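Q:
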Amino acid sequence: MAIACVSMSAMGETPMPGGWSMSMTWSRMCGQTWPRAAASFIGMWIVMMVAMMLPSLAPMLWRYHETAGRLGHSRAGRLTACVGLGYFMVWAALGAAVFPPGAALAGLAMQWPAFARSVPVAIGAAVLIAGMLQFSAWRARHLACCRDTSHCVVEQGRGRSSAAADVAHAWRHGVRRGLHCACCCAGSTAVLLAAGMMDLRVMAAVTAAITAERLAPNGGRVARMIGVVVVAIGGVMLAHAFVRGAIAIAPR
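One gets this note's numbering by counting positions in the sequence shown from 1 and adding 1186 to each.
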């Protein structure tokens, strides 16, 4: 998995007007169809999300496995795998959803230099808004759901002896967790997409932030501290983009 992430980060980037570089993951390779390009993107997206989310997801999966075992389920390992599969199916669906608009914006940037020059401002604004989202009550509710592991297998222990019913419940539990996580990580995902999806430094920073706010004793305070840092970074990026743009259009 680490090798796959390194290879993704090493993919080519195209220098663009405005002083930024666009990852080629949003574009078709020579002779590649759009469906194949989308499938390639989603595959890389899933690998990246497994690497980023597993550190914060693993304790929940372990708790689920232990609880299922205590409740007498002989298929605890299989049920835990179903939870993880349901969880990452949500992230796969998100990857499928972000590729079409991302590819469309990449195409616009390649064709219209004026649009490309505005991208650094949009990136700075996206990072700034992502930082502000860290302070919202909506996000705090989803973070609380992501941190809560007390209801892992409670419903599953209520007389569901059918193997199919147990698997269906485990799958639904993973999907619910994935939906809460995707909502909670909306800002982090925006930062990842805007600031460098294939940049290992950005990936490492986002992974550390997600893991800290999920596993630290006071996750809400950690999330707000992260928000302060991200807002500051977004503000600096936005200011730098405006200054760079002003210099570019200044008469010589």
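Ideal placement from N, C-alpha and C gives every residue a C-beta, glycine not left out.
For clarity, every value in this text was computed on a predicted model and none was experimentally measured.
Quick one: any contact between the stretch 1271 to 1284 and the stretch 1352 to 1369, if contact means 3 or more CB pairs under 8 Å?
A: Segments in contact, yes.
Q: Suppose contacts are defined by Cβ-Cβ distances below 8 Å. Is residue 1366 in contact with residue 1328 by that definition?
A: Yes, these two residues count as a Cβ contact at 8 Å.
Q: CB-CB under 6 Å to residue 1232, same chain, minus the five flanking residues each way: which ones, in chain order?
A: These residues qualify, in order along the chain: 1278.
Q: Quick check on DSSP: helix, strand or coil for residue 1189?
A: Here residue 1189 scores only 45 on pLDDT, less than 50, and its place in the model should not be relied on; the value that follows carries that caveat. Here residue 1189 sits in helix by DSSP.
Q: Quick one: Cα of residue 1357 to Cα of residue 1264, how far?
A: Those two C-alpha atoms are separated by around 11 Å.
Q: For chain C, check one thing: does any of its Cβ atoms lie closer than 8 Å to the Cβ of residue 1227?
A: The chain inventory of the structure shown lacks chain C, comprising one protein chain alone.
Q: What separation, rounded to the nearest whole angstrom, lies between the Cα atoms of residue 1351 and residue 1257?
A: For residue 1351 and residue 1257, the distance between alpha carbons rounds to 15 Å.
Q: Out of 1313, 1330, 1368 and 1306, point me to the one whose CA is closest to residue 1207's CA.
A: Closest option to residue 1207, Cα to Cα, is 1306.
Q: Could you spell out where the beta strand (DSSP E) holding residue 1374 opens and where it closes?
A: First-last for residue 1374: 1372 to 1381, but that is the alpha helix (DSSP H), not the beta strand (DSSP E).
Q: Unbroken alpha helix (DSSP H) runs of length 4 or more, entirely within the stretch 1227 to 1308: which are they?
A: The stretch 1227 to 1308 contains these whole alpha helix (DSSP H) runs: 1262 to 1297.
Q: When you compare the stretch 1314 to 1329 with the stretch 1202 to 1216, are there three or more beta-carbon pairs, one atom per stretch, that lie closer than 8 Å?
A: They do not touch, by the three-pair rule.
Q: Report yes if the C-beta distance between residue 1421 and residue 1314 is below 8 Å; otherwise report no.
A: Yes, Cβ-Cβ distance for residue 1421 and residue 1314 is below 8 Å.
Q: Among 1335, 1311, 1430 and 1348, whose alpha-carbon lies nearest the alpha-carbon of residue 1376?
A: Comparing Cα-Cα distances from residue 1376 to each of 1335, 1311, 1430 and 1348, the minimum goes to 1311.
Q: Tell whether a beta-carbon distance below 8 Å holds between residue 1254 and residue 1262.
A: In this structure, residue 1262 lies closer than 8 Å to residue 1254 by Cβ.
Q: To the nearest angstrom, how far is the alpha carbon of residue 1302 from that of residue 1412?
A: One C-alpha to the other measures close to 29 Å.
Q: On the DSSP bridge assignment, give the partners of residue 1201 in chain order.
A: DSSP, once it has assigned bridges, lists 1207 as partnering residue 1201.
Q: Locate the alpha helix (DSSP H) running through residue 1325, then write down its first and last residues.
A: Per DSSP, residue 1325 belongs to the alpha helix (DSSP H) from 1323 to 1333.
Q: Would you call residue 1280 buried or exposed, if buried means 16 or more other Cβ atoms sit within 10 Å of its Cβ?
A: Residue 1280 comes out buried.
Q: Would DSSP call residue 1221 helix, strand or coil?
A: Residue state, collapsed to three classes: helix.
Q: Candidates 1244, 1370, 1398 and 1200: which alpha carbon is nearest residue 1297's?
A: Out of 1244, 1370, 1398 and 1200, 1200 has the C-alpha closest to the C-alpha of residue 1297.
Q: Can you have a look at residue 1416 and say buried or exposed, based on whether 16 or more other CB atoms are within 10 angstroms of its CB?
A: Result: buried.
Q: When we look at the beta-carbon of residue 1215 and count the other beta-carbons within 10 Å, is it buried (16 or more) or exposed?
A: Exposed, because fewer than 16 other Cβ atoms sit within 10 Å of the Cβ of residue 1215.
Q: If we ignore side chains and look at the alpha-carbon of each, how far apart do residue 1382 and residue 1388 end up?
A: Going from the Cα of residue 1382 to the Cα of residue 1388 covers about 6 Å.
Q: Count the other CB atoms within 10 Å of the CB of residue 1283; is the residue buried (16 or more) or exposed (fewer)?
A: Label assigned to residue 1283: exposed.
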